[in-house]
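Asks: Taken in sequence, the protein lines are chains A and B. For the first sequence, the residue numbers in the working numbering are 526 to 1003. For the second sequence, the residue numbers in the working numbering are 526 to 1003. My structure is below; once you've seen it, I'll send some questions.
2 protein chains.
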Amino acid sequence: MKTAITPTRQENFSEWYQNLITAADLAENAPVRGCMTIKPYGWAIWELMRDQMDKRIKASGVLNANFPLLIPIDFFNKEAEHVAGFAKEAAVVTHYRLKMIDGVLQPDPEAKLTEPYIIRPTSETIIGEAMSRWVQSYRDLPLKLNQWVNVMRWEMRPRLFLRTSEFNWQEGHNVFATHEEANEDARKMLDMYEEYMKNVLAIPCIAGEKTPEERFAGADHTYTVEQIMQDGKALQAGTSHDLGQHFAKSFGIQYLGTDGKLTYGWTTSWGTSTRMMGGLFMVHSDDDGLVLPPMVAPYQVVIIPITRDENVKQLNEFANQIAEQLKNIDVRVLVDDSDMRSPDKMWKWIKRGVPLRVEIGEREMTDGTLTVTRRDLGKSSKTTLPVSTFVDSVKDTLTQIQHDMFESVKQRNKNMITEISSLQELESALESGKIGFFRIKYDLTTNDEFDKLIEKYKISRRCLDRQDSSYVFIAKSY
Amino acid sequence: MKTAITPTRQENFSEWYQNLITAADLAENAPVRGCMTIKPYGWAIWELMRDQMDKRIKASGVLNANFPLLIPIDFFNKEAEHVAGFAKEAAVVTHYRLKMIDGVLQPDPEAKLTEPYIIRPTSETIIGEAMSRWVQSYRDLPLKLNQWVNVMRWEMRPRLFLRTSEFNWQEGHNVFATHEEANEDARKMLDMYEEYMKNVLAIPCIAGEKTPEERFAGADHTYTVEQIMQDGKALQAGTSHDLGQHFAKSFGIQYLGTDGKLTYGWTTSWGTSTRMMGGLFMVHSDDDGLVLPPMVAPYQVVIIPITRDENVKQLNEFANQIAEQLKNIDVRVLVDDSDMRSPDKMWKWIKRGVPLRVEIGEREMTDGTLTVTRRDLGKSSKTTLPVSTFVDSVKDTLTQIQHDMFESVKQRNKNMITEISSLQELESALESGKIGFFRIKYDLTTNDEFDKLIEKYKISRRCLDRQDSSYVFIAKSY
Chain A
526 MKTAITPTRQ
536 ENFSEWYQNL
546 ITAADLAENA
556 PVRGCMTIKP
566 YGWAIWELMR
576 DQMDKRIKAS
586 GVLNANFPLL
596 IPIDFFNKEA
606 EHVAGFAKEA
616 AVVTHYRLKM
626 IDGVLQPDPE
636 AKLTEPYIIR
646 PTSETIIGEA
656 MSRWVQSYRD
666 LPLKLNQWVN
676 VMRWEMRPRL
686 FLRTSEFNWQ
696 EGHNVFATHE
706 EANEDARKML
716 DMYEEYMKNV
726 LAIPCIAGEK
736 TPEERFAGAD
746 HTYTVEQIMQ
756 DGKALQAGTS
766 HDLGQHFAKS
776 FGIQYLGTDG
786 KLTYGWTTSW
796 GTSTRMMGGL
806 FMVHSDDDGL
816 VLPPMVAPYQ
826 VVIIPITRDE
836 NVKQLNEFAN
846 QIAEQLKNID
856 VRVLVDDSDM
866 RSPDKMWKWI
876 KRGVPLRVEI
886 GEREMTDGTL
896 TVTRRDLGKS
906 SKTTLPVSTF
916 VDSVKDTLTQ
926 IQHDMFESVK
936 QRNKNMITEI
946 SSLQELESAL
956 ESGKIGFFRI
966 KYDLTTNDEF
976 DKLIEKYKIS
986 RRCLDRQDSS
996 YVFIAKSY
Chain B
526 MKTAITPTRQ
536 ENFSEWYQNL
546 ITAADLAENA
556 PVRGCMTIKP
566 YGWAIWELMR
576 DQMDKRIKAS
586 GVLNANFPLL
596 IPIDFFNKEA
606 EHVAGFAKEA
616 AVVTHYRLKM
626 IDGVLQPDPE
636 AKLTEPYIIR
646 PTSETIIGEA
656 MSRWVQSYRD
666 LPLKLNQWVN
676 VMRWEMRPRL
686 FLRTSEFNWQ
696 EGHNVFATHE
706 EANEDARKML
716 DMYEEYMKNV
726 LAIPCIAGEK
736 TPEERFAGAD
746 HTYTVEQIMQ
756 DGKALQAGTS
766 HDLGQHFAKS
776 FGIQYLGTDG
786 KLTYGWTTSW
796 GTSTRMMGGL
806 FMVHSDDDGL
816 VLPPMVAPYQ
826 VVIIPITRDE
836 NVKQLNEFAN
846 QIAEQLKNID
856 VRVLVDDSDM
866 RSPDKMWKWI
876 KRGVPLRVEI
886 GEREMTDGTL
896 TVTRRDLGKS
906 SKTTLPVSTF
916 VDSVKDTLTQ
926 IQHDMFESVK
936 QRNKNMITEI
946 SSLQELESAL
956 ESGKIGFFRI
966 KYDLTTNDEF
976 DKLIEKYKIS
986 RRCLDRQDSS
996 YVFIAKSY
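Pasting the structure below:
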């Protein structure tokens, strides 16, 4: 059977992914090492994802703000684990002027910075410095901040959306009076992420704590939401960190308590990024292209007038009337009245993953009907029904699609988690090419023998099992 | 009379502005040369400004996208005027790793980029390169793109919101098949800005074309919206450029026409930034702090329970009931039930410019009334009225405030524009300390004598008069 994307997922998942991105016109590699350009259709998806995350962030009492792009090297250097974690991928600004010298435009030697800056890889340090001034008394706590910004971590093996040198994200930074509150909040934000992935992205997650080996540079506890891609690999879709007093002590975030004593605060940070888009695409798409959950589809419905004759104008009017009705009930709809051939239009919107594809032709116009196909179910779902029936039920249908997509992934994931009771069993599973997550006693993975398996099979510890933290999930990962 | 902000505008406008920013908790200088941190209250204003601009941009058929932060030096170098305009303020990235050498964290000499990157000061070049690939045929035109991003222009004399090394903005980049369309679009986007400044920011603008001396680096025509601050100085609040074929030729943006021939496109760019916030604050605020137009006020109404006795809890409940009613009709409202003293709360929200301040006390609660004061009119507008009357009329009142604020600035501006018929007359006006805009024949300002005045009085040509382009507006400016 011919598919819109070749190779298929089965044939070569990694190439399929690349071609999917191109076919759906989502993004491209930029002419800047490791960076990408997110094209309008991709960005429209991100805006929907961002706005729905932002609503949740605000509802949790967090305030958005905006901190500088550049970080003085000196700040960055204040927390030892943090600098060790990020120094090797830091983009460094050393000059503030260009000059034409011998016909070549280059950094002006006379405009060299005495202290270089790095482009933020994350903002614990610069926000920590601000918090040290903004927090004075217990009355200022908790202080909960977030920013939606670009960050940069130099990437040697870039991959669109999954690993890019520059990426867009939200980074939340909260400070509390006690460790209990901070830790509880770090876990609460993780729950928020899990709920978001479920209800907005239609993706079930495995949520849990990272093992010490996989913690964020400068955290006491790192919590993560892990997703299972169709090739069985893990994608870390969001993390939330209990930073203890590391940054509070490095930056002097102290508050005057009710007892009149100065005490260090307890900070957390939590983030999700455009990386989530990679997960969204790899979880739901098929060999014909993108499949978008209605909550993040730029167009939830596309109407394609099938124009075999001279009634083009009338047909477009009919389409636009239906579209108006849908807009009135807040359905995102597009009438594709471009001058492409109808089959090309159809394939264009299949590849772009529009949840509901509506075709109308001569016959439909006469009958006051339309023909609708669900992207997630494909051809078998094709139905002809009266326009009014469609309009009345379309919101419910979109809700149903959202629900079905989540359930279908949940079902698939069940076969993607294998119980393992020994390293021997793990090795033979990996050797036989078994994909997915493996659940195993954590103490089995804290020895040299396991480290050898890590190297050999490129697996990693994803997170401890939330139900029983003596178990850990391991998998290959993006 | 004691004022919340000292010095007053009259005493020292520039210091007043600095203190206003602090008093309203909008932003602060960052520990990064020339950069600022926008604090939560300032950022909430920006989000409202941004979202309302974004709606207009999308309604005009423009698609948002996201291009990389870094620009290869080589790209930047392709348009001669452009590079001349921006090279002297470019932040340059030269290394991609840090290393601890002799106990000092510094750029790793082994991770030096062979081609340095600059942090985008604007994105004509990197978007031009993309357009050269995305535009193939006349069917691809017009292509209209926009991005909301941070940019960087190294600033030696920074000033919060007005001039900062890093700032946030939207930059639109459109490409057309003909010069007529491009030029018309550049002027259309300017009209959009003018409409936005009027209806969202309540600021009347002087819109017109820049003189050749003041054009954007690489433009054939630059159009601008200029605002008059309370000290008579000009603020350029937005610009729109007809870039001719400069960038199309530098980057090879060509399309196959209906005639089968390859033709260069015609590009435009248009932008507004966080600089608009500086204008918003300097146009509307008074000696007691910020005055915000309701359209961009994070809280349009603040309710302050006056808690002299033990009825705090009941009073807060009463306040929250009113707030609920307002939320139901989409009014942004806050109940300030913090444990500050009532007069301190009042002054806090006066300084932050909340359009309507509602006080409720024992008496109001018993009577089912409230006392409301308009921020723009001050004490004289204080009225006590039944809760239901207030709720029924609050939307109209907010609309009225928005309207009155615009009209009041418009009225004030009338006395801020002086007709000048000779350079002698101009000099004596400037010498006498006259503030505001001066309207003068353009040919009087294109000679050495005028250039001397420019130097002596730090004035500049703001724009040609749209009604009669043989006249130019000149003024001191931010």
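We put the CB at the ideal spot given by N, CA and C, even for glycine.
1. Alpha carbons only, please: which of H771/A, R857/A, N972/A and D968/A is nearest the one belonging to S794/A?
2. Can you name, in chain order, every residue of its own chain whose Cβ lies under 7 Å from the Cβ of E738/A, other than the five neighbours on each side?
3. I'd like to know whether the C-beta atoms of A612/B and K624/A end up nearer to each other than 9 Å.
4. Can you list, in chain order, the residues of its chain with a C-beta nearer than 6 Å to that of R888/B? Leave out the 5 residues immediately preceding and following it.
5. Note down, in chain order, every chain A residue with its Cβ under 7 Å from the Cβ of L588/B.
6. Run through DSSP, which three-state label would D813/A get?
7. For W673/B, which residues does DSSP report across the bridge?
8. Which runs of the beta strand (DSSP E) at least 3 residues long sit entirely within the region 551-623 of chain A? Give them in chain order.
9. Could you name the residues of chain C that V608/A contacts, counting a contact when the two beta carbons are closer than 7 Å?
10. DSSP three-state call for M1004/B: helix, strand or coil?
11. Whether or not the region 738-757 of chain B and the region 602-617 of chain B are in contact is what I'm after, with contact meaning three or more pairs of Cβ atoms, one per stretch, closer than 8 Å; do they touch?
12. Applying the criterion that 16 or more other CB atoms from any shown protein chain within 10 Å of the CB defines a buried residue, is N675/A buried or exposed?
13. Does DSSP classify L781/B as helix, strand or coil?
14. Under a Cβ-count criterion, where at least 16 other Cβ atoms within 10 Å of its own Cβ denotes burial, should L902/B be classed as buried or exposed?
15. What residue range does the beta strand (DSSP E) around Q752/A cover?
16. Would you tell me roughly how many angstroms separate the C-alpha atoms of N602/B and S810/A, rounded to the nearest one?
17. Looking at C-alpha atoms only, which residue of T650/B, I563/B and M574/B is the closest neighbour of E606/B?
18. Round the Cβ separation of V725/B and V821/B to the nearest angstrom and send it over; I've been treating them as touching at under 8 Å.
19. Compare the C-beta of T619/A with all C-beta atoms of chain B and state if any pair is closer than 9 Å.
20. Against chain B, with Cβ distances strictly below 9 Å, would W571/A count as a contact?
21. Hey, would you say H766/B sits closer than 9 Å to A702/B, going by beta carbons?
22. For P667/B and N699/B, I'd like the C-alpha separation in whole angstroms.
23. Can you have a look at E956/A and say buried or exposed, based on whether 16 or more other CB atoms are within 10 angstroms of its CB?
24. When you compare the region 678-694 of chain B with the region 715-722 of chain B, are there three or more beta-carbon pairs, one atom per stretch, that lie closer than 8 Å?
25. Quick check on this structure: which residue in L760/B, I643/B and T898/B has the alpha carbon closest to the alpha carbon of V617/B?
26. Can you list, in chain order, the residues of its chain with a C-beta nearer than 6 Å to that of D735/B? Leave out the 5 residues immediately preceding and following it.
27. Tell me whether Y1003/B sits in a helix, a strand or coil according to DSSP, three-state version.
28. Chain A beta carbons: is any one of them nearer than 9 Å to that of F686/B?
29. Between the Cα of I960/B and the Cα atoms of K966/B, L951/B and D968/B, which residue gives the shortest distance?
30. At a Cβ threshold of 9 Å, is V674/A touching chain B?
31. Answer yes or no: do G790/A and G763/A have a C-beta to C-beta separation smaller than 9 Å?
32. Please confirm if V557/B has its CB atom under 9 Å from at least one CB of chain A.
33. Since W795/B meets chain A, which of its residues come closer than 8 Å, beta carbon to beta carbon?
34. When burial is assigned at 16 or more other CB atoms within 10 Å of the CB, is P819/B buried or exposed?
35. Sort out for me which residues DSSP pairs V860/B with in a bridge.
36. How do the region 906-913 of chain A and the region 828-840 of chain A stand: do at least 3 beta-carbon pairs fall below 8 Å, yes or no?
Replies: In short:
1. If you number the first sequence from 1, residue 794/A lands on position 269. Of the candidates H771/A, R857/A, N972/A and D968/A, the residue whose Cα lies closest to the Cα of S794/A is H771/A.
2. The count along the first sequence starts at 1 and reaches residue 738/A at position 213. Excluding positions up to five away in sequence, the list reads R986.
3. As a working note, residue 612/B is residue 87 in the second sequence. As a working note, residue 624/A is residue 99 in the first sequence. Yes, these two residues count as a Cβ contact at 9 Å.
4. The count along the second sequence starts at 1 and reaches residue 888/B at position 363. If we look at R888/B and ignore the five residues flanking it on each side, it has no Cβ neighbours.
5. Within the second sequence, residue 588/B is the residue found at index 63, counting from 1. By Cβ distance, chain A contributes P565.
6. Translated into the one-based positions of the first sequence, residue 813/A becomes position 288. Looking at D813/A - three-state DSSP - the assignment turns out to be coil, as it is neither helix nor strand.
7. Position 148 of the second sequence, counted from the start, is the residue given in the question as residue 673/B. According to DSSP, which records beta bridges pairwise, W673/B is partnered with Q695/B.
8. 552-554, 561-563, 595-597 and 617-620
9. The structure shown contains no chain C; its protein chains are A and B.
10. Since the first residue of chain B shown is 526 and the last is 1003, residue 1004/B is not available in this structure.
11. yes
12. Here residue 675/A is taken as the residue at index 150 of the first sequence, counted from 1. With 16 or more other Cβ atoms within 10 Å, it is buried.
13. Within the second sequence, residue 781/B is the residue found at index 256, counting from 1. Reduced to three states, the DSSP call for L781/B is strand.
14. As a working mapping, residue 902/B is identified with position 377 in the second sequence. Exposed.
15. In the first sequence, the residue the question calls residue 752/A occupies position 227. First-last of the beta strand (DSSP E) with Q752/A: H746 to I753.
16. Along the second sequence, one-based indexing puts residue 602/B at 77. Along the first sequence, one-based indexing puts residue 810/A at 285. Their backbone Cα atoms lie some 41 Å apart in a straight line.
17. One-based indexing of the second sequence puts residue 606/B at position 81. When only C-alpha atoms are compared, the closest one is T650/B.
18. Within the second sequence, numbered from 1, the residue matching residue 725/B stands at position 200. Within the second sequence, numbered from 1, the residue matching residue 821/B stands at position 296. 6 Å between Cβ atoms; contact.
19. By 1-based counting over the first sequence, the position of residue 619/A is 94. Yes - at least one Cβ of chain B is within 9 Å of the one on T619/A.
20. Here the question's residue 571/A lines up with position 46 in the first sequence. Chain B, which has a Cβ nearer than 9 Å to the Cβ of W571/A, makes this yes.
21. Mapped onto the second sequence, residue 766/B falls at position 241. Mapped onto the second sequence, residue 702/B falls at position 177. Result no, Cβ atoms of H766/B and A702/B do not sit closer than 9 Å.
22. Your numbering for residue 667/B matches position 142 in the second sequence. Your numbering for residue 699/B matches position 174 in the second sequence. Answer to the nearest angstrom: the Cα atoms are 7 Å apart.
23. Translated into positions along the first sequence, residue 956/A becomes position 431. Per the 10 Å Cβ criterion, exposed.
24. no
25. Counting from 1 along the second sequence, the entry for residue 617/B is found at position 92. The option with the nearest alpha carbon to V617/B is I643/B.
26. Position 210 of the second sequence, counted from the first residue, corresponds to residue 735/B. First, the amino acid is wrong: residue 735/B is Lys here, not Asp. So the list reads T747, T749 and C988, once near-sequence residues are dropped.
27. Start at 1 with the first residue of the second sequence, and residue 1003/B comes out as number 478. Three-state result, Y1003/B: coil.
28. Position 161 of the second sequence, counted from the start, is the residue given in the question as residue 686/B. At a cut-off of 9 Å, the C-beta of F686/B has no neighbouring C-beta in chain A.
29. Here residue 960/B refers to the residue found at position 435 of the second sequence. Out of K966/B, L951/B and D968/B, L951/B has the C-alpha closest to the C-alpha of I960/B.
30. Here residue 674/A refers to the residue found at position 149 when the first sequence is read from its first residue. With 9 Å as the cut-off, V674/A counts as an interface residue toward chain B.
31. Here residue 790/A corresponds to residue number 265 of the first sequence, with the count starting at 1. Here residue 763/A corresponds to residue number 238 of the first sequence, with the count starting at 1. Not closer than 9 Å, so no.
32. What you label residue 557/B is simply residue 32 of the second sequence in a count that begins at 1. V557/B counts as touching chain A.
33. Counting from one through the second sequence, the residue named residue 795/B turns up at place 270. Result: empty, since nearest Cβ-Cβ is about 17 Å, beyond 8 Å.
34. Counted from its first residue, the second sequence places residue 819/B at position 294. P819/B is buried by the Cβ-count criterion.
35. Locating residue 860/B in the second sequence gives position 335, where the first residue counts as 1. Its beta-bridge partners are I828/B.
36. no
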